[in-house]
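Residue numbers (my numbering): 42 to 117.
This is how it looks when you write it as structure tokens:
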């Protein structure tokens, strides 16, 4: 999958794993996360990565990666 910025880079980036472990949350948060991810048609991991990507975009970070054009709302 390509990010909407992937065509703007001159170099090819390599794929690397993201190991997110050790997080502990309250049961209600976990249920809400799994429910929202299910409603969006994605895994909880994909949902969390998309949320992180949206936050990074809002902070002005530019990156390529796992997202298709339109997956991340444009920041105004």
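Beta carbons: idealized from backbone N, C-alpha and C, even for Gly.
In terms of residues, what are the limits of the alpha helix (DSSP H) holding residue 103? Your numbering for residue 103 matches position 62 in the chain shown. Annotation: residue 103 is outside any alpha helix (DSSP H) and is labelled neither H nor E by DSSP.
Return the first residue and the last residue of the alpha helix (DSSP H) that residue 76 is part of. Sequence index remark: in the chain shown, residue 76 carries index 35 (1-based). For residue 76, the uninterrupted alpha helix (DSSP H) run begins and ends at 68 to 81, by DSSP.
Just mark residue 98 as buried or exposed, buried being the case when its beta carbon has 16 or more other beta carbons within 10 Å. By 1-based counting over the chain shown, the position of residue 98 is 57. By the 16-neighbour rule on beta-carbons within 10 angstroms, residue 98 is buried.
Do residue 87 and residue 113 have their C-beta atoms within less than 8 Å of each other? Counting from 1 along the chain shown, the entry for residue 87 is found at position 46. Counting from 1 along the chain shown, the entry for residue 113 is found at position 72. No, the Cβ-Cβ distance between residue 87 and residue 113 is not below 8 Å.
Sub-8 Å separation of residue 78 and residue 84 beta-carbons: The residue labelled residue 78 in the question sits at position 37 within the chain shown. The residue labelled residue 84 in the question sits at position 43 within the chain shown. In this structure, the beta-carbon distance from residue 78 to residue 84 falls below 8 Å.
Leaving out five residues on either side along the sequence, give the residues of the same chain with a beta carbon under 8 Å from the beta carbon of residue 61. The residue you call residue 61 lines up with position 20 of the chain shown. Result list for residue 61: 86, 89, in chain order.
Apart from the five residues just before and just after residue 74, which ones in its own chain have a Cβ nearer than 6 Å to its Cβ? To locate residue 74, count along the chain shown from 1; it is residue 33. For residue 74, where only same-chain residues beyond five positions count, the Cβ hits under 6 Å are 85.
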